Amino acid sequence: MADAGESTTDRKEKIDRFTGDLASADSKNEVLEAIGNLLGVSAPVGSPSTLDAIAQRYKSQADNAADVQDRVEKVAASGLPSVWVGSTGAKAAEVVAAAGRSAEQMAEAFRKASKALYDLCDALTSAQSKDGDGREQLQKARTMLGGDDGFFDDMVETDDEEADRKRAQDIAGTGANLLYAAAQEADDAARAAARELNKYAAEARAGHMHTDNISAADRLVLADVGVFGGPQEQNELLTADDLERSGRFMEKMNAQDEARFERMLADAKTPQERAYLVKALAAGYDVDEVGQFRDKIHGKDPYWLQQHLTPIVTAGDSKVDEGLNPDGSNRNTDYQWFGDEKWSQEGNTCVPSSTVTARAMVDPLYALELTGGPSGQENDPDAFRHRLHDEQLRLHEEGDGDYLHWWSDVPDGMDSDGQNEIANDEISPHTGSKYEYQQIRGADERRDVLPDIEKSVAEGKPVPFEVEGHDKDGRVGHQMMVIGQEGDMLQIYNPWGQTTWVSEDDFVNGHMDKASDSRMPDAYAVHLPADR
Amino acid sequence: MTSATLRRLALPALSALLMTVLAGCGSSTGPDTYELGEKDIQVDEGKEFTLSVPVDTAMGEWWYLTAPKPDPDVVRRTDKREEIKADDDAVGSGSGTDSFDFKAVGPGTTKIRLIQCPRGACTGGGDAGGPVTPSPVPSGSPTPAKKYRATIHTYTVTVRKP
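Note that the protein sequences, when read in sequence, are chains A and B.
Counting from 2, one number per residue, gives the positions in the first sequence under my numbering.
Counting from 1375, one number per residue, gives the positions in the second sequence under my numbering.
Right, dumping it as structure tokens:
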């Protein structure tokens, strides 16, 4: 019986396997069995008419949002009294600018979501039609062959029977190919739609912050704050996960803590300072700890805040294709610096090093400890490098990493248990998601895991993964992290101290050398954040 | 002092001694191999020789032959090989050795330049074309620390008539 719940990849695998059985069948009963199995695979599921209706609704919402944007921009142009402030200190101009950008993003999100749904609707209609044609061919072949041969009939096949069987086999083969093409089309379309819709869901950022403790205007401004040094839309300071978690934590505060936290937000000198306080809360710190953090960062300018609290900044031109280096890596690569020191590994510590950077991305108190030292006020790249290396070694120990020899103290890699353990010990407490290790050695497995990766990074949860390469001497491996996603591109942090973009096809088809080098092109394992 | 500490001290000394004894001597069957510290090389015409350099593969380091290229009437490059030793079960393990193979084709003296490229320190080659050279420092930026800069290692090779 057809199973409507089977995944699109399972469906393709089954069709592929049964098509092979059909091609190699050399008796009538084997052909009939293969045809039966093929007809048992479920057709592409989904209702094009429902998708069409939703797509139309989204399109009309996009028009409404564009109208809101228009009106907000008129307000911005006519000006507002500068004395007006939100409850936590956001100025009127900030609120209006944030509202304008939010309406613009909303209109674009609805428009693109509508297009994604129309595309899915078209692809599903086409896939279901192809699938129907394929099933007709299979039924036709089955009718030509008639019922199963009995035990003795099956032992002998005359020339005429063989010719009939082969003719039916050909027709069934055409049908099987149509079934596969339909499954492929539905698979590709569903994946593309999921990718787009996950992204727009995460981008409706202000809506993730469910709390009445701060006003809608303040929430809008917080969601709109960008990290200094790059385009705002690619460097949002608060991730969707930050906004959701901070809102939740604010709801749980007692009245005294709530008043203290609101005071800190209201006194913040810049929107960035305010947003980093919210990020600290989202990372799981209590109001006392956030208060101590606030004392260290209060009044610092946006550049200082970025340097000390945000390890990775995305440059506006970072997605431009500039070709490849001779080692197979992207020429367009950005190096991530604190002063003249990179956020990079020292020695064979790629796993602890990418974990340290991942934690620093989601936990601003931890980032400040590394960059600013115990006082939080230092600005010394050499001291930062020293602390960074000590922390890489601490995590190497924590994950029971290997050493060069049994008597050596020089790190030399880490196994998969250690990798997952330190991700769970260091990153999870600050994002709320445990990591689960998953091998992805085949192209289909890599393709299947992409929607989960996309959803995680759109929410602001880094996804560590491993790459490898083989040569005549054996295997070498490396860990990197997916930290961003846009369209069909993934942003990769490499603990060599760099970020770059690769396509999802690169990830699936063994071209991760673009983010590392030609020694290690194949992604083979991933640590996926799972909701607690 | 424990025996483990003793061994830690003794083994590098022993391996350094072996390296000194073996470096440059080659073997009776293969080409002569020169390590990183051996920059003045004398070789007979018609002989093959190898420049061997350590490469920090786990950090994404690469080595290339760079410009100006050696005089083709004196030496000709024949191959570049890389051997990586890593623990198959661990991620991030290993280090490598690059071997640049040459043949002494005619008498004379020339220079071979190898460029050592820590991650991001070099430009050129690949889709950009041309030789691999040190990345320029953008104007107004401070010079990067030495560990982030490319190093060019120059070998002087004299080819003698046998």
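Think of the CB as a built atom: it goes at the ideal place given N, C-alpha and C, for glycine as much as any other residue.
These figures come from a predicted structure and were not determined experimentally.
Beta-bridge partners of residue i, as assigned by DSSP
| i | result |
| --- | --- |
| A:H567 | Given that chain A is displayed from residue 2 to residue 533, the structure contains no residue 567 of chain A and the question cannot be resolved. |
| A:G478 | A:E469 |
| A:T501 | A:I493 |
| B:H1527 | B:L1488 |
| A:K343 | A:W338 |
| A:A325 | Looking at the sequence itself, residue 325 of chain A is Leu, so the reference to Ala does not match. Answer is A:N331, bridged to A:L325. |
| B:E1457 | B:T1471 |
| B:Y1438 | B:I1489 |
| B:C1496 | B:P1508 |
| A:D416 | According to DSSP, A:D416 bridges with nothing at all. |
| B:L1425 | B:Y1408 and B:F1474 |
| B:R1451 | B:F1476 |
| A:Q554 | It is not possible to answer for residue 554 of chain A, since the shown part of chain A is limited to 2 through 533. |
Neighbouring residues, chain B, relative to residue i (Cβ below 9 Å)
| i | result |
| --- | --- |
| A:R332 | T1497, G1500, D1501 and A1502 |
| A:T175 | Residues of chain B passing the Cβ test: none, with the nearest at roughly 43 Å. |
| A:Q346 | A1432, M1433 and G1466 |
Spatial neighbours of residue i in its chain, beta-carbon cut-off 6 Å, leaving aside the 5 residues before and after
| i | result |
| --- | --- |
| A:M210 | R220, L244 and G248 |
| B:S1485 | What sits at residue 1485 of chain B in the sequence shown is Lys, not Ser. Only T1528 and T1530 meet the Cβ criterion. |
| A:S8 | none |
| B:G1398 | Annotation note: pLDDT 45 at B:G1398 (below 50); position unreliable, coordinate value reported separately. Within the same chain, B:G1398 has close Cβ partners Y1408 and E1412. |
| A:A368 | L310 and A361 |
| A:G135 | G176, L179 and L180 |
| B:E1456 | G1470 and D1472 |
| A:A104 | A66, V69, Q70 and V73 |
| A:D445 | T10 |
| A:Q129 | P45 |
| B:K1520 | none |
| A:M107 | A66 |
Beta-carbon neighbours of residue i, restricted to chain A and to distances below 7 Å
| i | result |
| --- | --- |
| B:P1518 | D341 |
| B:D1461 | D403, D413 and G414 |
Within-7 Å CB hit, residue i to chain B
| i | result |
| --- | --- |
| A:N421 | no |
| A:E467 | yes |
| A:D413 | yes |
| A:G324 | yes |
| A:Y336 | yes |
| A:D328 | yes |
| A:C351 | yes |
| A:R447 | no |
| A:W502 | no |
| A:W497 | yes |
Closer than 8 Å at the beta carbon, the chain B residues around residue i
| i | result |
| --- | --- |
| A:H479 | A1432, V1465 and G1466 |
| A:S517 | G1434 |
Listed by chain order, chain A residues near residue i by CB distance under 8 Å
| i | result |
| --- | --- |
| B:L1458 | The question names Leu, yet the displayed sequence has Ile at residue 1458 of chain B. Result: D472, D474, G475, V477 and R520. |
| B:V1506 | P327 |
Cutoff 8 Å; reference residue i; Cβ partners in own chain excluding five residues on either side
| i | result |
| --- | --- |
| A:M254 | N214, F262 and V288 |
| A:V357 | L371, L389, E392, Q393, L396 and E427 |
| B:R1523 | P1492, A1495, P1508 and T1517 |
| A:Y436 | N421, A424, N425, I428, S429, P465, H528, L529, P530 and A531 |
| A:S200 | According to the sequence displayed, residue 200 of chain A carries Lys and not Ser. Within the same chain, A:K200 has close Cβ partners E455, A459, Q486 and E487. |
| A:I55 | L118 |
| A:A217 | A207 |
| B:L1396 | The predicted model places B:L1396 with a pLDDT of 43, which falls under 50 and marks its position as unreliable; any figure quoted below should be read in that light. There are no such residues. |
Chain A within 7 Å of residue i, Cβ atoms only
| i | result |
| --- | --- |
| B:G1494 | yes |
| B:D1414 | no |
Chain-order list of residues whose beta-carbon lies under 7 Å from that of residue i (same chain, five-residue window excluded)
| i | result |
| --- | --- |
| A:A182 | K131 |
| A:S434 | K462, P530, A531, D532 and R533 |
| A:A184 | T9, R12, K13, I16 and P45 |
Residues that residue i contacts on chain A, provided the C-beta gap is smaller than 9 Å
| i | result |
| --- | --- |
| B:W1437 | Residues of chain A passing the Cβ test: none, with the nearest at roughly 11 Å. |
The segment 1458-1472 of chain B contacting the segment 1418-1429 of chain B, beta-carbon criterion three pairs below 8 Å:
Yes, the segment 1458-1472 of chain B is in contact with the segment 1418-1429 of chain B.
Does the segment 368-386 of chain A come close enough to the segment 433-441 of chain A to have 3 or more Cβ pairs within less than 8 Å?
Judged by Cβ distances under 8 Å, the segment 368-386 of chain A makes no contact with the segment 433-441 of chain A, as fewer than three pairs qualify.
Within the chosen definition, does the segment 220-238 of chain A reach the segment 98-111 of chain A through at least 3 CB pairs nearer than 8 Å?
Touching, yes.
Check whether the segment 460-473 of chain A touches the segment 522-529 of chain A, counting contact only when three or more Cβ pairs, one atom from each stretch, lie closer than 8 Å.
Short answer: they touch.
Given 8 Å, three or more beta-carbon pairs between the segment 357-367 of chain A and the segment 1429-1447 of chain B:
As far as the Cβ criterion goes, the segment 357-367 of chain A does not touch the segment 1429-1447 of chain B, which means the pair count is below three.
Under 8 Å: do the segment 1498-1505 of chain B and the segment 1402-1418 of chain B share three or more Cβ pairs, one atom per stretch?
Verdict: no, contact absent.
Determine contact between the segment 26-37 of chain A and the segment 54-74 of chain A, defined as no fewer than three beta-carbon pairs at a distance below 8 Å.
No, because fewer than three Cβ pairs between the segment 26-37 of chain A and the segment 54-74 of chain A fall closer than 8 Å, the two stretches do not touch.
For the structure I just gave you, are there three or more beta carbon pairs, one from the segment 487-506 of chain A and one from the segment 266-279 of chain A, closer than 8 Å?
When C-beta atoms of the segment 487-506 of chain A are compared with those of the segment 266-279 of chain A, fewer than three pairs fall below 8 Å, so the two segments do not count as touching.
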